[in-house]
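A.B. asks: Dropping the structure in here first, questions after.
Numbering (full-length UniProt numbering), first residue to last: 1 to 90.
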């Protein structure tokens, strides 16, 4: 990662987006690999995608907490299921 320099971690929007994009790329590659190599395990594709999404969400929550976001805001963001929910909340 380009955002770790020495003992300090620089948390800004660009670096957070880069970290999320990298994790999503890895998750997509694993989904492709699982589907193409192990066709008999198709039922596990959904599980692997859900698992990868959970890991990405957990990392995003850690970063948000490190930046000073309150737990109530994180919980509210996780419970939103559509763009309309986001607009109504703010």
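Every residue gets a Cβ at the ideal spot worked out from N, C-alpha and C, and that includes glycine.
If you check the beta carbons only, do residue 52 and residue 27 fall under 7 Å apart?
C.D. replies: yes
A.B. asks: State the Cα-Cα distance for the pair residue 68 and residue 62, rounded to the nearest angstrom.
C.D. replies: The alpha-carbon atoms of residue 68 and residue 62 are separated by roughly 10 Å.
A.B. asks: Do residue 35 and residue 56 have their CB atoms nearer than 7 Å?
C.D. replies: Result no, Cβ atoms of residue 35 and residue 56 do not sit closer than 7 Å.
A.B. asks: What runs of the alpha helix (DSSP H), each 4 residues or longer, lie entirely inside the stretch 46-83?
C.D. replies: 71-79
A.B. asks: Could you tell me the distance, in whole angstroms, from the CA atom of residue 13 to the CA atom of residue 29?
C.D. replies: 24 Å
A.B. asks: Specify the secondary structure class of residue 12 as computed by DSSP and reduced to three states.
C.D. replies: coil
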